[in-house]
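Residue numbers (my numbering), protein chains in the order written: chain A, 2 to 393; chain F, 18 to 158; chain C, 1218 to 1744.
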């Protein structure tokens, strides 16, 4: 029989080819160790599928801690800067490959979740529209708050999304890289969901402006988002240390500013204004926030702050970064307080005590989830007091 | 075997040994030559097999008489002059289920040429999209 | 609560039409271009000599959620096939042993390219200014994670279910021992991520993906199928369903700089460098894997190369861009010569150094030798008769004490490593486009196999300083190197690599290698 075959013949199903193949196969398997990556230390009791498919895909030499390769880079940047290097961050690690997404999501699991969310979003929007629920929405809330300010908040999410690009390029570990890309995609998804809601409203409400012009004007020139715009720009384009980008965005700015805007403003208030649509989208964003929190607290608390060799140093550095980014975030929140003057007041909901209670929830959460685990001391009452000075 | 110049084994590919080498190493073949063809690789699947046989080689065969389809085991290899287009609303009707342009992309394995989507239509063209021809956004009412 | 005119209109509209309404992906996507804003320090962290346009479009109009849905459907199909029917029919144990070995290399090395492409497209996402272009690169970032996981899944599946798990189960650790690794890193790792961002895009997308993924990920599936492997087509053809968006990204990168004055100055040089960089490794390695790593052959590698690289990529991508000043790569003539001969040259060297691999290699049978001679006239005189000599000296038998590397030493055919591509070559015994050039810089000698790499090094030697395996291993005994690089099976003594796939043949152990006392030397020191 000729060894050249073509026209789509398959060794699995073609009897002649299959007979040749089967005759060549060893009677017994040649190797008994069947577990891929058997040499690695798993996070849990056994190596799981996520660890098999993701860990040690980073091909760094052993002079970047965790790497299995040897020697130099085979091609460098113009001028000789290395492909990846320890100098890309001020953080130190004994093993840059140690991080795990607590949900152990490799790509297939990540997109499966998001695909389900999309399918349900499509069905939800159909039900909402057929039900005529939009009729109950307060017009000021709808036209000004959702049309302008929710749209403007989309730029905050979009800017944070872009801050992940250099992290994805520069970070020193495989699981770090994959997690960073996923939490980055979630941020652009948030921005797209905001525009999706606005496009949807434009379909249901004749005259509702679908264009991004007004929100962009609010974001770039308005006072309410001035502080947040500046923080986002600084995280996105002025910060080069990939760990500092993740820390400033996900351990300071988003848990405080993002959480207040999403959960305590848009989601909490929407029902008071007859809006049952916005919470649907915000709750997806809140799911992403909680998943991201699991990822970044693993990166910074479980791995870096607990590193046997560098934990103390890393913790001190996190305090320095918190001191740098917290005041900026407080300014962003203070500026955002101006939004309460733009909406119809509801006693016990949008008045100062209610806002203060909302701020307390956000700062308590932040203290519990982000500050306490690294021993960072912040006078949250004083911070809240500063924020409240932004109320008009 | 097809005699079309777009066939998998056309031209120099039909030659072997020294005859192949002579043409392969000939002076005229030491630089690239502009081609107005497009190549599409479709991973075989239940839906793709229907698209190939019942639309591209069926109802829409007259749209592009230069189209060649060849069986390469796991995939269909398609080559045509100019462009190949698939309207997924037609595919939906054929399959009896919703089949979006992104469902088609699930099994579109490779493209040589400029491929794009607009609405529910997938196009691969030899035109230089973005340079000679502007890429359009979806227009809504 | 006051009812505004708009609310009344909405109410009226509902009275007329109560049909459910949703929002399609493209209805959101058409606003993407307006998602960014100008601010003073809005510039990329990765410099490029080109200026990318602000209005570059994305060809497939995806948003995050529709991307996820589409990919999820792909995954349901491929993982469903693997976990269900292919497992039930015991497909992993119906693959020809030679091909089982090839997939150790192909899948793992492709994984490295995919992994590095995550970082590469992160850089491009940062560099692009148009939000649609950023969106295209972002989609690619996620795709590359998918592909990394998919390639890993192939090795994982073969390890779990196949006939020889060794090498599949630890490729990420053992791959660094041998002579193919550093070249792979240059072409698939550093070549994608270290340099001018647009230059990296040309390497990754316009050449790597638009050109070489077609043989590497598409054509390979026909070879796999012929040799009994239906796992690889299931996964690789699904990988390639993402590549078309990557090719579009690469093309749109060119579109974004087409009107930039820098393009007329630099684009052809960058394109030629990228083409040579990619072909220098892919051409011989893929040809070797296809032809020498299979039992059943689909067609000569040179034909595969001629179709996908020369005729289709050359004509349909590069040729069509001619009117925008894009020229046929100057290195094409040498590349074509390599496509005909370089994989035969490389197999000789890879086989000579077989103990450093993480896979088993097999010398051609008499039947295969006939096939090679028929398709590559002159093959027997150059290669076939040498293999006959090696076989006669017992190269497959652990008791022979013969490693084919000795043949090169005995016949005074030194093997060098090209400093830029890191690809090994034997200038005195090859038919591909390799000739020896040696240059000295800062007291260190560097060997080069061709003018194209030499030119790259001459203009920027600081980019290509990496030591090669002969420099790294100089003075070390071979069995020590293998043990240190974890090149052993789970019994702790048998090598993962072997010089045959004969099921009745004896397997070499570390002791067999130790007895030969093969010590590495740096050929440049002898010059």
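Positions of the beta carbon are idealized from the N, C-alpha and C atoms, including for glycine.
Proximity to residue i [Cα-Cα], best of the options
| i | options | result |
| --- | --- | --- |
| residue 1553(C) | 44(F), 125(F), 26(F) and 58(F) | 44(F) |
| residue 1424(C) | 1496(C), 1242(C), 1456(C) and 1386(C) | 1496(C) |
| residue 253(A) | 369(A), 210(A), 314(A) and 108(A) | 369(A) |
| residue 152(F) | 1489(C), 1501(C) and 1472(C) | 1472(C) |
| residue 223(A) | 359(A), 337(A) and 274(A) | 337(A) |
| residue 107(F) | 24(F), 69(F) and 142(F) | 69(F) |
| residue 1234(C) | 44(A), 17(A) and 127(A) | 127(A) |
| residue 23(A) | 1319(C), 1320(C), 1225(C) and 1380(C) | 1380(C) |
| residue 1559(C) | 1666(C), 1617(C) and 1688(C) | 1666(C) |
| residue 53(A) | 1355(C), 1290(C) and 1371(C) | 1371(C) |
| residue 1488(C) | 1616(C), 1535(C), 1293(C) and 1478(C) | 1535(C) |
| residue 1260(C) | 333(A), 237(A) and 65(A) | 237(A) |
| residue 157(F) | 1237(C), 1706(C), 1244(C) and 1227(C) | 1244(C) |
Collapsed DSSP secondary structure at residue i in the structure displayed
| i | result |
| --- | --- |
| residue 329(A) | helix |
| residue 1663(C) | strand |
| residue 184(A) | helix |
| residue 1261(C) | coil |
| residue 1694(C) | strand |
| residue 1633(C) | strand |
| residue 92(A) | coil |
| residue 1410(C) | helix |
| residue 1393(C) | coil |
| residue 1641(C) | strand |
| residue 321(A) | helix |
| residue 1712(C) | strand |
| residue 296(A) | helix |
| residue 1253(C) | coil |
| residue 151(A) | helix |
| residue 78(A) | coil |
| residue 161(A) | helix |
| residue 1726(C) | strand |
| residue 1236(C) | coil |
Residues sharing a beta bridge with residue i, DSSP
| i | result |
| --- | --- |
| residue 59(F) | 93(F) and 125(F) |
| residue 62(A) | 70(A) |
| residue 131(F) | 142(F) |
| residue 88(F) | 93(F) |
| residue 5(A) | 1514(C) |
| residue 1286(C) | Looking at the DSSP assignment, residue 1286(C) forms no beta bridge with any residue, so it has no partner. |
| residue 1654(C) | 1665(C) |
| residue 188(F) | Since the first and last residues shown for chain F are 18 and 158, residue 188(F) lies out of range. |
| residue 1577(C) | 1715(C) |
| residue 1736(C) | 1694(C) |
The ligand ADP heavy atom lying under 8 angstroms from the CB of residue i
| i | result |
| --- | --- |
| residue 1628(C) | No copy of the ligand ADP occurs in the structure displayed, which carries no ligand at all. |
Check whether the segment 185-192 of chain A and the segment 281-298 of chain A touch, using three or more Cβ-Cβ pairs below 8 angstroms as the test. Yes: the two stretches touch, three or more of their Cβ pairs being nearer than 8 angstroms.
Counting pairs of Cβ atoms below 8 angstroms between the segment 1262-1281 of chain C and the segment 146-156 of chain F, do you hit three or more? Because the criterion of three Cβ pairs below 8 angstroms is met, the segment 1262-1281 of chain C and the segment 146-156 of chain F touch.
Every unbroken alpha helix (DSSP H) inside the segment 178-233 of chain A [4 residues or more]: Runs of the alpha helix (DSSP H) spanning 4 or more residues and lying entirely within the segment 178-233 of chain A occur at 214-222, in chain order.
Cβ contact check for the segment 1409-1418 of chain C and the segment 1293-1304 of chain C: 3 or more pairs under 8 angstroms: Counting Cβ pairs under 8 angstroms, fewer than three are found: no touch.
Which parts of the segment 1290-1372 of chain C are runs of the alpha helix (DSSP H), unbroken and 4 residues or longer, counting only runs that do not cross its ends? The alpha helix (DSSP H) runs lying completely inside the segment 1290-1372 of chain C and spanning 4 residues or more are 1302-1305 and 1314-1344, given in chain order.
Could you say if the segment 1361-1368 of chain C and the segment 1333-1341 of chain C meet the contact criterion of at least three C-beta pairs nearer than 8 angstroms? At 8 angstroms Cβ cutoff, the stretches touch.
Please confirm if the segment 1520-1530 of chain C is in contact with the segment 1430-1442 of chain C, defined as three or more CB-CB distances below 8 angstroms between the two stretches. Counting C-beta pairs closer than 8 angstroms gives three or more between the segment 1520-1530 of chain C and the segment 1430-1442 of chain C, which meets the contact rule.
Stretch pair the segment 342-354 of chain A + the segment 129-145 of chain A: three plus CB contacts closer than 8 angstroms: Output reads yes: the segment 129-145 of chain A touches the segment 342-354 of chain A.
Say whether the segment 110-117 of chain F touches the segment 50-69 of chain F, bearing in mind that this needs 3 or more beta-carbon pairs closer than 8 angstroms, one atom from each stretch. Touching, yes.
Write down every uninterrupted run of the alpha helix (DSSP H) in the segment 1506-1550 of chain C whose length is 4 residues or greater and which is fully enclosed by it, in chain order. Here the runs fully enclosed are 1518-1522.
Write down every uninterrupted run of the alpha helix (DSSP H) in the segment 7-49 of chain A whose length is 4 residues or greater and which is fully enclosed by it, in chain order. Runs of alpha helix (DSSP H) with 4 or more residues, each lying fully within the segment 7-49 of chain A, are found at 16-25, listed in chain order.
At a cut of 8 angstroms, does the segment 1314-1321 of chain C reach the segment 1499-1518 of chain C through at least three beta carbon pairs? Yes: at least three Cβ pairs fall under 8 angstroms.
Quick check on the DSSP output: what are the complete alpha helix (DSSP H) runs of length 4 or more inside the segment 229-277 of chain A, in order along the chain? Within the segment 229-277 of chain A, the runs of alpha helix (DSSP H) at least 4 residues long that lie entirely inside it are, in chain order, 243-248.
Three or more C-beta pairs closer than 8 angstroms, one from the segment 1480-1497 of chain C and one from the segment 1667-1683 of chain C: is that the case here? Enough Cβ pairs lie closer than 8 angstroms, so yes.
Segments assigned beta strand (DSSP E), at least 3 residues, entirely inside the segment 25-70 of chain F: Listed in chain order, the beta strand (DSSP E) elements of length 3 or more contained wholly in the segment 25-70 of chain F are 54-60.
Evaluate the contact criterion for the segment 158-169 of chain A versus the segment 245-259 of chain A: three or more CB pairs, one atom per stretch, below 8 angstroms. Enough Cβ pairs lie closer than 8 angstroms, so yes.
Flag this pair as touching only if the segment 109-127 of chain A and the segment 266-273 of chain A have three or more C-beta atom pairs under 8 angstroms; answer yes or no. Two segments are said to touch when three or more pairs of C-beta atoms, one from each, lie closer than 8 angstroms; by this definition the segment 109-127 of chain A does not touch the segment 266-273 of chain A.
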